[in-house]
């Protein structure tokens, strides 16, 4: 519960930032978004709030923030865990797979496709052509599966697994240009310029369960606090800690 409260707080802060969209953000778009981490159960796009519980996605019109209106509820499946927005798509992680929905019609999310995997906890992030999924074993998550999976989603109706890599216990993840940050036994940074052959190129010695990347700012979210770092797109090893907030 504590980790979700932290994620909600951060997403609210980002949604209040008028400069919160950029080519390196998790959800680059000209639209206004509320940016959470990969473990978030909600996302804001323009005048709409999307939330998920264990089975359903609920859509709210928040054009009047003082009087949000529930406009739709969509049954997704079972053991739904996370929700990630990229452009006009929602990527929904569950213990059994990933679901992709189109929200070009914001009040009526349209099912497009899904992939299934071994029972495991499943955050997901995506860019134009690829979706990145971590599977990890934890209390209640099922099988002893701990790995990073990469899917080709250039055909959004037919995602194809193109790469998988065993890790220790990966959880949250985030995209930064051609790099993928993964919270594992440390924060591992992979070069994904060739997604079929991702390469571990750097790491941050910090225990974190999720990441948020905003422009050249990295926020690591851990059980005991928040940690801010500056990033350099020209030198991925040039990462400097800016601050930390103990919680």
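Residue numbers (mature numbering (1 follows the signal peptide of the UniProt record, and there is no 0)): -20 to -1, 1 to 227. The beta carbon of each residue, even a glycine, is placed where N, CA and C say it ideally should be.
Cβ-based neighbour list, residue i, same chain, cut-off 7 Å, excluding 5 preceding and 5 following
| i | result |
| --- | --- |
| residue 166 | 183, 184, 185 and 186 |
| residue 88 | 52 |
| residue 137 | 92 and 93 |
beta-carbon residue i near the ligand SAM non-hydrogen atom, thresh 6 Å
| i | result |
| --- | --- |
| residue 175 | Inclusion of the ligand SAM in the displayed structure is not the case, the ligand content being empty and no account of it being possible. |
Assumed close pair residue i, residue j - CB separation to whole angstroms, cut-off 8 Å
| i | j | result |
| --- | --- | --- |
| residue 92 | residue 30 | Actually they do not touch by this definition, with Cβ atoms about 15 Å apart. |
| residue 128 | residue 150 | 6 Å |
| residue 153 | residue 160 | 6 Å |
| residue 224 | residue 206 | 7 Å |
| residue 209 | residue 217 | So it is not a contact: roughly 12 Å between Cβ atoms. |
| residue 233 | residue 34 | Residue coverage of the chain in this structure runs from -20 to 227, which leaves residue 233 outside it and unanswerable. |
Own chain residues within Cβ distance below 8 Å of residue i, not counting five before or after
| i | result |
| --- | --- |
| residue 27 | 41, 42, 43 and 86 |
| residue 215 | none |
| residue 202 | 186, 187, 188 and 189 |
Residue i, DSSP secondary structure in three states
| i | result |
| --- | --- |
| residue 176 | helix |
| residue 168 | strand |
| residue 132 | strand |
| residue 75 | coil |
| residue 190 | strand |
| residue 105 | strand |
| residue 29 | strand |
Chain-order list of residues whose beta-carbon lies under 6 Å from that of residue i (same chain, five-residue window excluded)
| i | result |
| --- | --- |
| residue 94 | 77 and 79 |
| residue -8 | Because residue -8 sits at a pLDDT of 46, beneath the cut-off of 50, its placement in the model cannot be relied upon, and the point is left open. |
| residue 142 | 130, 132 and 176 |
| residue 227 | 205 |
Residue i classed as buried or exposed, judged by whether at least 16 other C-beta atoms fall within 10 angstroms
| i | result |
| --- | --- |
| residue 229 | Here the chain has residues from -20 to 227 only, and residue 229 is not among them. |
| residue 116 | buried |
| residue 74 | buried |
| residue 212 | exposed |
Review point. Is the number of C-beta pairs between the region 157 to 175 and the region 25 to 41 that are closer than 8 Å three or more?
Key: no
Review point. Counting Cβ pairs closer than 8 Å, one from the region 132 to 141 and one from the region 188 to 199, do we hit at least three?
Key: no
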